[in-house]
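Input: a single structure, listed below in structure tokens.
Residue numbers (my numbering): -8 to 238.
This is how it looks when you write it as structure tokens:
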């Protein structure tokens, strides 16, 4: 079942696509042949800016989890043989703090459709039964609809492709490494499996792997998104440091 074939979703895809083409036309006098790529980057920045409130909610939720972590670990140690009592005591802690263990999930659910629609426009060669003209545009001579894996498999790798895709991958990998070093998951249990910590490092670089196989337009979206997310998290971590209450 293709969710993008449903009429409401198709209509949203078409709307986003038309908006991107219109923005590309506006930018063309300033950016020339790279207008479509500039439109991809600018649109991604605008969407991420609109989603800042969701990021703030997630930062607050992470701060709350860090503040409650010692109490939750104590509960887990005390009632490890009584899961039902452990659950009751855990929920009571959250009620006393007027918090929810699911805090931070709602912002993710809110932004998922928005991000999904935008990403789909950069990913699909055909939208609403028409060729995606956006992907036929270029950045430094490299088509936005081409992928690094496709170019390599076709034996068409050239200096322009190396420079463009190399820059995209370098941005994603650098942001992933800084993210891995700067952020750690909040551990609320002494028995938290060690693979959870290793998973963070893997997820930080997953976007780089994806960027190798998706069209360049989607790769640009991923690069801008991971860099924006890193900067936003660094700023919000200073505003909502772990282990202290917000002012």
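Even glycine gets a Cβ: it sits at the ideal position worked out from N, Cα and C.
| message | Any beta carbon of chain B sitting closer than 8 Å to that of residue 206? | response | No chain B is part of this structure, which consists of one protein chain only.
Report task. Could you check what DSSP says for residue 72 in three-state terms: helix, strand or coil? Result -> Taking the chain shown and counting its residues from 1, the one referred to as residue 72 is at position 81. Note: residue 72 maps to coil in three-state DSSP.
*Three-state class that DSSP yields for residue 122 in the structure shown*: Here the question's residue 122 lines up with position 131 in the chain shown. Looking at residue 122 - three-state DSSP - the assignment turns out to be strand.
- Query: How do the stretch 116 to 128 and the stretch 138 to 158 stand: do at least 3 beta-carbon pairs fall below 8 Å, yes or no?
  - Reply: The stretch 116 to 128 vs the stretch 138 to 158: no contact.
Tell me where the alpha helix (DSSP H) around residue 232 begins and ends. Position 241 of the chain shown, counted from the start, is the residue given in the question as residue 232. Annotation: residue 232 is outside any alpha helix (DSSP H) and is labelled neither H nor E by DSSP.
Discussion item. With DSSP as the reference, identify every bridge partner of residue 117, one or two as the case may be.
Written reply: Looking up residue 117 in the chain shown gives position 126. According to DSSP, residue 117 bridges with 122.
Quiz item: Can you round the beta-carbon distance between residue 10 and residue 101 to whole angstroms, since I take them to be within the 8 Å contact cut?
Solution: By one-based count along the chain shown, residue 10 stands at place 19. By one-based count along the chain shown, residue 101 stands at place 110. Actually they are not in contact, since the Cβ atoms of residue 10 and residue 101 sit about 20 Å apart, beyond 8 Å.
Problem - CB of residue 145 within 8 Å of CB of residue 132, strictly - result: Against the chain shown, residue 145 aligns to sequence position 154. Against the chain shown, residue 132 aligns to sequence position 141. In this structure, residue 132 does not lie closer than 8 Å to residue 145 by Cβ.
Do the stretch 52 to 66 and the stretch 82 to 91 meet, that is, are 3 or more Cβ pairs less than 8 Å apart?
-> yes
(Q) Considering Cα atoms alone, identify which of 206, 2 and 221 is closest to residue 196. (A) Translated into positions along the chain shown, residue 196 becomes position 205. Residue 221 is the option with its Cα nearest to residue 196.
Through-space distance from residue 211 to residue 115, alpha-carbon basis
The count along the chain shown starts at 1 and reaches residue 115 at position 124. The count along the chain shown starts at 1 and reaches residue 211 at position 220. Going from the Cα of residue 115 to the Cα of residue 211 covers about 15 Å.
Should residue 78 be labelled buried (16 or more other beta-carbon atoms within 10 Å of its own) or exposed? As a working note, residue 78 is residue 87 in the chain shown. With fewer than 16 Cβ atoms within 10 Å of its Cβ, residue 78 is classed as exposed.
Identity of the residue in 129, 69, 203 and 142 nearest residue 24 by Cα | For the purposes of this step, residue 24 is taken as the residue at position 33 of the chain shown. Of the candidates 129, 69, 203 and 142, the one whose C-alpha sits nearest the C-alpha of residue 24 is 129.
| Closest residue to residue 85 among 105, 63, 72 and 71 (Cα-Cα distance) | Here residue 85 is taken as the residue at index 94 of the chain shown, counted from 1. Nearest C-alpha to residue 85: 63.
Return the CA-CA distance between residue 148 and residue 136, expressed in angstroms with no decimal places.
Stepping through the chain shown from its first residue, residue 148 is reached at position 157. Stepping through the chain shown from its first residue, residue 136 is reached at position 145. Each residue's Cα considered, the two are about 15 Å apart.
Q.
On the DSSP bridge list, what partners appear for residue 169?
A. The residue you call residue 169 lines up with position 178 of the chain shown. In DSSP, residue 169 forms no bridge with anything.
### Query
Expressed to the nearest angstrom, what Euclidean distance is found between the alpha-carbon atoms of residue 22 and residue 208?
One-based indexing of the chain shown puts residue 22 at position 31. One-based indexing of the chain shown puts residue 208 at position 217. Looking at the two C-alpha atoms, the distance is approximately 16 Å.
Whole alpha helix (DSSP H) elements within the stretch 1 to 54, 4-residue minimum: 26 to 41
Are the CB atoms of residue 8 and residue 118 nearer to each other than 8 Å? Counting from one through the chain shown, the residue named residue 8 turns up at place 17. Counting from one through the chain shown, the residue named residue 118 turns up at place 127. Going by C-beta atoms, residue 8 is nearer than 8 Å to residue 118.
Do residue 153 and residue 213 have their CB atoms nearer than 8 Å? Translated into the one-based positions of the chain shown, residue 153 becomes position 162. Translated into the one-based positions of the chain shown, residue 213 becomes position 222. No; because the gap between Cβ atoms is not below 8 Å, this pair is not in contact.
Worksheet item: By Cβ distance, which residues of its chain are closer than 6 Å to residue 204, with the 5 residues on each side in sequence left out?
Response: As a position in the chain shown, residue 204 is number 213, starting the count at 1. Excluding positions up to five away in sequence, the list reads 138 and 140.
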